[in-house]
Amino acid sequence: MPQQSQQPTQSFATRLIHAGATTDPVTGAVNIPIYQTSTYQQDGVGKNRGWEYSRTGNPTRAALERLIADLEGGYAGFAFANGMAAITAVLSLLSAGDEVIIPTNVYGGTYRVLNQVFDHFGLTFRVVDTSDPANLEAAIGPNTRATLVESPANPLMTITDLREVSRIAHEHGLLSIVDNTFMTPYLQRPLELGADVVVHSATKYLGGHSDVVAGLAVVATKELADRLAFVQNATGGVLGPFDSFLLIRGIKTLGVRMDRHLHNAGVIARALEENDAVARVYYPGLPDFPGYEVNRRQASGAGAMVSFELADGYDAHRFLASTRLVALAESLGGVESLVCHPATMTHAAIPKEERDRVGITDGLIRLSVGIEDASDILADIEQAIAAARED
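Structure follows, in structure tokens:
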């Protein structure tokens, strides 16, 4: 039951709160209720009120699906149990013998599901530095059927020109898929740049409070909507009604949260760039960062993910053991600041040789900048850097 978007007529900040189904048609409740039901009474054989079974469709989930379709500017949206369930469903649109191109630094879970699950079914993949679209075009082979890119990419924040990648993909008859988790539709809308499918780990910024695990996908056409609706229903990795409710609630504050995230990330990134104990900062909002201009063209902000490497004489593991306010944890995009070690956490599924080759070194630190006071975040980072100094 694909949930189609409506033609947007209001500002984006307003649509975050009012898009999709925002009022219960039965009671007039200003929040869509949690329809905590597995099935629905029918009026007769073959006669229902639009609902049959909650794997196939649920009113709370449907409201969320209409909401994300509207925000991404797509034809229809789909809600899944987590981000990997969304990616798995989208990859299930491909067939045995097909090849998908992914970027050199991509979320470790995406690499893992391609390398250790879909390989059993004959789906192959190729790793390409998509920051130069010419590399992508040169890598397209006779079996290539899709591209799956992130921009910024996880964890080196590599920028890919989404409009150019989608153009190349369509010239070669490929499906253009974009993981928009880091940016959210508040900052970047890949479908408007030509992509066919957008996916999110909605656990992150869309939920925003580290209290829900969810995945979303939005497609550009009815044909893709019909195909993905079949996969969603057939494989069943759907989002439950309570989590759908939490995600709708989180999205309503996305705009105000992202504004604070962006401010804080800029403060932290600039301070790290000026710190002699830091060897390199990866953040698309710094003017000398590769892809800075491309990101400015396709997004309205640089996001709030900052990665960095400490200079010689400083130990990354000591740093990670020394933060107090900033928690060492998986995930990102919540109101609280989090730090992680990609090589052993988010990207451990990628072989070390491959990680080293693309720059995901043992010294790389990834910071998800929260919405606390920026001075408090910075003070914690600076004291942890001081503690990381080797004797």
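So for the sequence shown, the numbering used here puts the first residue at 700; every next one is plus one.
Each residue gets a CB set at the ideal place from its N, CA and C atoms; glycine is no exception.
What you are looking at is a predicted structure, and each value in this text was computed from that prediction instead of being measured.
Of the residues the options, which one's Cα is nearest the Cα of residue i?
i, options, result
"Q931", "F777, G773, T883 and D987", "F777"
"D1061", "A1015, A1085 and S1074", "A1015"
"G688", "S900, Q735, G756 and P989", "Beyond the ends of the chain as shown, which are 700 and 1090, falls residue 688; an answer cannot be given."
"D742", "E751, Y885 and Q735", "E751"
"F944", "Q709, F711, Q735 and S710", "Q735"
"L927", "P940, V1038, L793 and E1081", "L793"
"F881", "P851, R866 and A894", "P851"
"S830", "T859, R811 and V812", "T859"
Does the Cβ-Cβ distance between residue i and residue j come in under 7 angstroms?
i, j, result
"A784", "V917", "no"
"G665", "L890", "The structure shown has nothing for residue 665, since the chain only spans 700 to 1090."
"I967", "V1068", "yes"
"E771", "V897", "yes"
"T846", "I800", "yes"
"D878", "V911", "no"
"R1017", "P854", "no"
"L923", "S1006", "no"
"V993", "T803", "no"
"I947", "L715", "no"
"L1024", "D1072", "no"
"V955", "I876", "no"
"N1116", "E798", "In this structure the chain extends from 700 to 1090, so residue 1116 is not present and cannot be described."
"A901", "A919", "no"
"L861", "L892", "yes"
"D895", "L915", "no"
"V980", "E972", "yes"
"Y991", "R1088", "no"
"L835", "V827", "yes"
In its own chain, which residues sit with a C-beta less than 8 angstroms from the C-beta of residue i, not counting the 5 before and 5 after it?
i, result
"N814", "F824 and A1048"
"A964", "Y982, G984, A1001, G1002, A1003, M1004, V1005 and V1068"
"T726", "P732"
"R969", "L985"
"A712", "G954"
"L1077", "V966, I967 and A970"
Cutting at 7 angstroms between CB atoms, please list the residues of its own chain near residue i, excluding the five before and the five after it.
i, result
"Q706", "Confidence at Q706 is low in this model, with a pLDDT of 49, below 50, so its placement is unreliable and the value that follows should be read with caution. Closer than 7 angstroms at the Cβ level, and outside the excluded window around Q706, lies no residue."
"T883", "Y904, L905, L953 and M957"
"V937", "R754, R760, A778, F779, A780 and Q931"
"G1033", "G907, H908, S909 and G1069"
"L766", "A718, G719, I947 and I950"
"A1083", "F1018, S1021 and T1022"
"A1028", "L1037 and C1039"
"A998", "M882, L886 and Q887"
Which residue or residues does DSSP assign as beta-bridge partners of residue i?
i, result
"D878", "E849 and V898"
"S1006", "Y981 and R1065"
"Y1013", "R1088"
Going along the chain, which residues of its own chain have a beta-carbon closer than 6 angstroms to the beta-carbon of residue i, five neighbours each way excluded?
i, result
"Y806", "N853"
"H871", "I839"
"S710", "none"
"G808", "M783"
Check: Which full runs of the alpha helix (DSSP H) of 4+ residues lie inside the stretch 1026-1087, going along the chain?
Finding: Runs of the alpha helix (DSSP H) inside the stretch 1026-1087: 1051-1057 and 1073-1086.
Check: Which runs of the beta strand (DSSP E), 3 residues or longer, sit entirely within the stretch 792-865?
Finding: Here the runs fully enclosed are 798-802, 823-827 and 843-849.
Margin query: So within the stretch 913-959, which uninterrupted alpha helix (DSSP H) runs reach at least 4 residues, ignoring any that extend past its ends?
Written below: List check, alpha helix (DSSP H) in window: 921-934 and 940-951.
Item checked: Start-end ranges of the beta strand (DSSP E) lying completely within the stretch 737-795, minimum 3 residues -> Restricting attention to beta strand (DSSP E) runs no shorter than 3 residues, the stretch 737-795 encloses them at 775-779, ordered along the chain.
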